[in-house]
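Residues 646 to 945 (my numbering) make up the sequence shown, in order. Yeah, the Cβ is synthetic: ideal placement off N, Cα and C, and Gly gets one too.
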Amino acid sequence: IALPDAEAAKTAAVLESCWTTLGAQGFTRNDVVVGLGGGATTDLAGFVAATWLRGVTLIQIPTTLLAMVDAGVGGKTGINTGAGKNLVGAFYSPSGVLCDLDNLTSLNHEDLAAGMAEVVKVGFTSDPEILRIVQSDVGAAVDPHGSVIGELVRRAVQVKADVVSLDFKESRNGDVLGREVLNYGHTFGHAVEREENYSWRHGAAISVGMCFVAELARQSGRLSDEDADLHFSILESLGLPTSYAAGHWEDLFEAMHMDKKARGSVIRFVVLEGIGRPVAWDGPEPALLAAAYDTISRNQ
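Here's what the structure looks like:
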C-alpha cells in the first residue's frame, strides 16, 4: 500500500483506506504487516497492525535515521488529529525491526540532521557519550558512509530498548520517569509541529523543543548555563533550528495542554537538572513558560 509522504500519512482517512485494502485482500492473522519507510510510515503501519483483527504480526523496516532510532522501535503507533499529534494510537510491539544503515545514504543532509536530533536527545537524557562523539566530529556524525553514525544509532537504540523494557506503556506516575524520558523536548516540539501544520521535519521541531525546555530549566535554576548552552551549540552545529518566531505563544501554550503527558489542565515537562539527570516537572508557572519562549524567540 503506497502512503502519502510524511505526516500526511497519519490521518484517519489514510488509516481507513488501509483497513479497506486489507479487507478486500482477505488479510488474516496468518499474514504480516510490514512498515517500510520513515517514521510516519512505521507509526501508521504499527497502528494498522494493532487494530486489524485486534492485532496481527508486525515487522518494521525503518529507512530514515529518525525512524531507526525513534519511531520504528519501541512499539508506539498512532495517527494525528486536528487537536494534536499522536493523540490516537496504541502500544504495539513489532515482532522484529530491521535497520539497514545503507538506506541512510539516500537521505539528504536535512533529513540526517533531523534524525540526529533524536540521537542527541538521548545523549542529553541518558548517554552523554553520544554528545562527546557528536562534538568531536559533527561531520562524521551525519556522514552516512562512515562508521560513526552506526555507533550513534546503536547507542540510541540501546537506550530506547532499555527504557521501553522497563516501562512499555509509559505508565509510571509522579516524579519517577520511565518511558516519559524519551519525550524530552517533545511537549513544546509537538506544539511547534501543530502550529506549522506538520510542515516541519519532526527532528527540527524537537530541536527547538529541547532548546525551549533547556531555557525553561535554566531560568528556573534547575540547569546550569553551561549545560543549557550546550543544547544550543550542539544542535546549531548540526544545522538544526534552536529558536522559533515570536507572536505564537498563545497558540503554542494551548497546544501544549493537549500533550499526552498533560494531567488534566497541568502541563507536564521532562527537564534536566544536569546532563543525564532528567526529572518530571508538573505545572511550571505560565509566566516562566512565556519567559522561556520569549528568550528563544529573541534568538530568531
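Backbone secondary structure at residue i - three-state DSSP
i    : result
R846 : coil
P789 : coil
N725 : strand
P886 : coil
P773 : helix
I920 : coil
V679 : strand
V764 : helix
V718 : coil
G909 : coil
G741 : strand
K805 : helix
First and last residue of the uninterrupted alpha helix (DSSP H) at residue i
i    : result
A932 : 931–943
A900 : 894–901
R913 : Segment 913–917 is the beta strand (DSSP E) holding R913; no alpha helix (DSSP H) there.
G671 : Run containing G671: none; DSSP gives neither H nor E here.
G928 : Counting along the chain, G928 falls outside any alpha helix (DSSP H), and DSSP gives it neither H nor E.
R839 : 831–840
D688 : 684–696
Of the listed residues the options, nearest to residue i (C-alpha basis)
i    : options                : result
S738 : K721, G848, T726, L667 : K721
W894 : G928, I851, Y938, V924 : Y938
V837 : V853, L822, E825       : V853
F914 : F692, S792, L822, T709 : L822
T673 : L703, K655, P886       : L703
H876 : L897, A728, L811, Y829 : Y829
S865 : L917, L710, E881       : L917
M713 : D688, A728, W664, L698 : D688
A925 : A932, P931, L883, R867 : R867
A647 : T686, T709, S751       : T686
G784 : T940, V659, L681, G884 : G884
Span of the beta strand (DSSP E) around residue i
i    : result
V733 : 729–736
L703 : 702–707
Rounded Cβ spacing between residue i and residue j (contact assumed at less than 8 Å)
i    : j    : result
E755 : R846 : 7 Å
G717 : P707 : 3 Å
G928 : V911 : 4 Å
S771 : V804 : 5 Å
F692 : G734 : 6 Å
L710 : L757 : 6 Å
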